[in-house]
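Our numbering applies: residue 60 is where the sequence shown begins, and numbers increase by one. Ideal Cβ positions, reconstructed from N, Cα and C, are used throughout, including at glycine.
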Amino acid sequence: MRKIYNLLLIFLFVFTRANTQENIVGEWNGILSIGGQQLSLIFHIEKVGNSFSGSLDSPDQKAFGIKADKVSYENGKLELIISKLGLSYKGLLVDTIISGEFAQGAYKAPLQLNRGKVEKKLILRPQEPHAPFPYLEEEIEFHQLNGDFNLAGTLTLPKREGVFPAIILISGSGPQDRNEEILGHKPFLVIADYLTKKGYAVLRYDDRGTAKSGGKFDHATSPDFASDAAAALAYLKTRKEIDSNKIALAGHSEGAMIAAMMAANDPSINAIIMLAGPGIPGDQLLLMQQELIAKVNQVNAEEIKENTVTNRSLFDLIKQANDLESAKVAVEKRLKKISKTLSKSTLATYGGKTEFIEQNLVAFINPWMFYFLRYDPGVDLKKVKCNVLALNGSKDLQVPSKENLAAIELNVNNPGKTKQILEMPNLNHLFQNCLTGNITEYGALEETISPAVLEKVNAFLGSIWN
């Protein structure tokens with residue numbers, strides 16, 4: 060799902076000490092480690108008159124020039140704050156190294172900065188394939204008629220003459236490249252490599268506004284992404300190497316939801332593969348997701364309950380609103396009321412009362428969230444008549460398996476076609492073998508995707524196409 064923990068992974072801050080104020084001015088580089096992910100960060104500090112200003116670049120996240128609204132430096136101690144993101148840092152500069160602690164909400168992490176470029180530690184990803192490949196790989200582009208832009212991707216084909224069944228890979232929420240790269244893992248690259256070696260054609264593509272694809276990602280909703288996937292489907296049907304009667308959509312997380320949305324309205328789709336796809340309404344899913352992630356991170360039970368009540372009230376306001384603007388008015392009014400009941404320590408984790416309101420408005424009042432909170436997958440799942448494979452990991456905290464698989468099982472009625480609804484033991488949202496399912500494990504695990512999942516997908520395709 061739309062990675063709600065994204066701010067924690069993307070926008071992080073630091074700085075500190077010197078014998079003279081000028082020693083702090085300039086560019087600083089560091090590597091922040093979070094749950095196995097390594098983020099390259101570049102900090103820029105400037106002196107303007109008697110005061111300081113600062114900004115942050117996060118090249119790995121393609122985020123540049125994030126302005127700090129407070130930078131203070133005195134006696135070697137630096138404090139830096141980005142209020143709208145709830146980020147703060149206090150640290151000390153000694154010689155040419157800055158050592159300090161970053162904080163965002165309850166999360167804290169050490170970070171060391173240096174003047175020169177800092178190299179990342181080698182992370183092993185043993186499943187990632189490398190060229191030369193025993194199949195054909197073609198860089199392709201296809202046109203998105205509704206948005207009048209091109210999407211870029213990769214089509215892999217068996218290295219032999221023939222007309223092949225094909226799979227289109229549809230990524231999860233957030234701007235994803237064609238490999239659905241996350242925390243050093245490239246799950247779509249691994250899946251495409253595996254399935255192409257099994258004799259299938261596989262198309263994977265960069266999301267709109269991401270990597271080499273045109274268009275804009277901001278303000279796009281799930282139906283917009285479904286329109287992009289439909290353009291990929293139309294493109295495949297023009298290729299002489301593809302059997303147009305044997306095309307499957309394989310989506311992960313929101314991508315699985317999009318696959319079902321498309322299959323509900325396009326009878327030419329032969330099969331859908333739902334990998335960690337939602338079956339319950341969006342508002343229920345997010346509440347469940349937030350509670351499970353909080354529990355595994357040992358958040359106080361009372362705090363979890365308070366957050367659930369608060370978020371449910373906000374979600375209800377959004378669902379009742381006629382449009383995004385009226386939702387914003389209602390939610391902002393409720394947030395102002397809630398802010399008056401919060402303790403100073405709680406508000407401090409956001410940077411203050413104003414920041415608490417702003418951060419929640421950014422998180423909840425946007426076109427994607429407005430659509431998702433009001434969307435019930437069951438409506439489309441009832442219309443799906445093609446072959447269906449739905450897999451969820453038993454330790455998935457983002458799309459909990461039992462509730463979502465049960466809803467998919469209940470709503471899909473495709474007589475005469477294959478329907479397989481399976482819970483995969485001990486796997487998380489990325490289908491990695493894991494300990495707790497916590498999102499902090501994703502990058503720390505070497506496994507990109509369980510071989511058992513790849514085998515289930517291959518067996519399903521073999522059963523409907525061979």
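If we ignore side chains and look at the alpha-carbon of each, how far apart do residue i and residue j end up?
| i | j | result |
| --- | --- | --- |
| methionine 347 | proline 459 | 8 Å |
| tyrosine 264 | valine 358 | 38 Å |
| serine 286 | lysine 454 | 31 Å |
| aspartate 128 | leucine 308 | 45 Å |
| isoleucine 104 | valine 130 | 9 Å |
| tyrosine 64 | leucine 448 | A caution first: tyrosine 64 carries a pLDDT of 36, below 50, which makes its placement in the model too unreliable to give a value. |
| lysine 176 | serine 92 | 16 Å |
| leucine 520 | lysine 245 | 22 Å |
| leucine 351 | phenylalanine 111 | 41 Å |
| leucine 100 | serine 114 | 11 Å |
| methionine 467 | isoleucine 90 | The question names methionine, yet the displayed sequence has isoleucine at residue 467. Whole-angstrom Cα-Cα distance: 41 Å. |
| alanine 77 | glutamate 365 | The predicted model places alanine 77 with a pLDDT of 32, which falls under 50 and marks its position as unreliable; any figure quoted below should be read in that light. Taking the straight line from one Cα to the other gives about 43 Å. |
| glutamate 514 | leucine 254 | 10 Å |
| aspartate 325 | glycine 410 | 48 Å |
| leucine 181 | asparagine 492 | 21 Å |
| alanine 360 | threonine 405 | 16 Å |
| valine 73 | phenylalanine 102 | Any reading at valine 73 must be qualified, since the residue scores a pLDDT of 30, below 50, and its modelled position is unreliable; no value is offered. |
| leucine 464 | phenylalanine 208 | 36 Å |
| isoleucine 250 | glutamine 186 | 10 Å |
| tyrosine 194 | glycine 274 | 30 Å |
| isoleucine 227 | glycine 336 | 16 Å |
| leucine 248 | isoleucine 301 | 20 Å |
| leucine 432 | glutamine 343 | 8 Å |
| serine 385 | alanine 260 | 46 Å |
| aspartate 499 | lysine 299 | Note that residue 499 is threonine in the sequence shown here, rather than aspartate. Each residue's alpha carbon lies about 44 Å from the other. |
| proline 234 | glycine 206 | 17 Å |
| isoleucine 229 | glycine 221 | 25 Å |
| serine 232 | alanine 291 | 18 Å |
What residue range is occupied by the uninterrupted alpha helix (DSSP H) comprising residue i?
| i | result |
| --- | --- |
| arginine 371 | 360-379 |
| isoleucine 339 | Here isoleucine 339 belongs to no alpha helix (DSSP H), and DSSP marks it neither H nor E. |
| asparagine 470 | 460-470 |
| valine 512 | 510-524 |
| lysine 395 | 383-398 |
| lysine 403 | 403-407 |
| lysine 412 | 412-423 |
| alanine 318 | 313-322 |
| leucine 432 | 426-432 |
| valine 438 | 436-440 |
Buried or exposed: residue i, going by 16 or more other Cβ atoms within 10 Å of its Cβ?
| i | result |
| --- | --- |
| glycine 341 | buried |
| glycine 85 | exposed |
| alanine 518 | exposed |
| arginine 526 | The structure shown has nothing for residue 526, since the chain only spans 60 to 525. |
| phenylalanine 123 | exposed |
| serine 153 | A small correction: the amino acid at residue 153 is valine; serine does not occupy that position in the sequence shown. Exposed: under 16 other Cβ atoms inside 10 Å. |
| lysine 421 | Before going further, note that residue 421 is valine rather than lysine in the sequence given. Looking at its Cβ environment, which holds fewer than 16 other Cβ atoms inside 10 Å, valine 421 is exposed. |
| arginine 267 | buried |
| glycine 475 | exposed |
| serine 327 | exposed |
| glutamine 349 | buried |
| glutamine 379 | exposed |
| aspartate 382 | exposed |
For the beta strand (DSSP E) containing residue i, name the first residue and the last one.
| i | result |
| --- | --- |
| valine 153 | 146-153 |
| proline 217 | 208-217 |
| tyrosine 194 | 194-203 |
| aspartate 116 | 110-117 |
| leucine 242 | Leucine 242 -> no beta strand (DSSP E), and no H or E assigned at all. |
| glutamate 482 | 478-483 |
| lysine 106 | 96-107 |
May I ask you to report which of helix, strand or coil DSSP gives residue i?
| i | result |
| --- | --- |
| phenylalanine 490 | coil |
| tyrosine 294 | helix |
| alanine 260 | strand |
| glycine 124 | strand |
| phenylalanine 276 | coil |
| alanine 553 | Not covered by the structure: residue 553. The range shown for the chain is 60 to 525. |
| tyrosine 266 | The identity of residue 266 in the sequence shown is aspartate, whereas the question assumes tyrosine. Correct three-state label for aspartate 266: coil. |
| tyrosine 132 | strand |
| isoleucine 83 | helix |
| alanine 330 | strand |
| alanine 232 | Looking at the sequence itself, residue 232 is serine, so the reference to alanine does not match. Coil at serine 232, not helix or strand. |
| glutamine 343 | helix |
| alanine 353 | helix |
| aspartate 325 | coil |
| aspartate 455 | coil |
| valine 305 | What sits at residue 305 in the sequence shown is lysine, not valine. Note: lysine 305 maps to strand in three-state DSSP. |
| valine 251 | The residue you asked about is not valine; residue 251 is alanine in the sequence shown. Looking at alanine 251 - three-state DSSP - the assignment turns out to be helix. |
| glutamate 300 | coil |
| alanine 288 | helix |
Determine, for residue i, whether the minimum Cβ-Cβ distance to residues of chain B falls below 7 Å.
| i | result |
| --- | --- |
| lysine 218 | Protein chain content of the structure displayed is limited to a single chain, and chain B is not contained in it. |
Query raised in the report: Where in the segment 153-185 do unbroken runs of the beta strand (DSSP E), each at least 3 residues long, occur, reported from the N-terminal end onward?
Result: Fully enclosed beta strand (DSSP E) runs of 3 or longer: 156-163 and 166-173.
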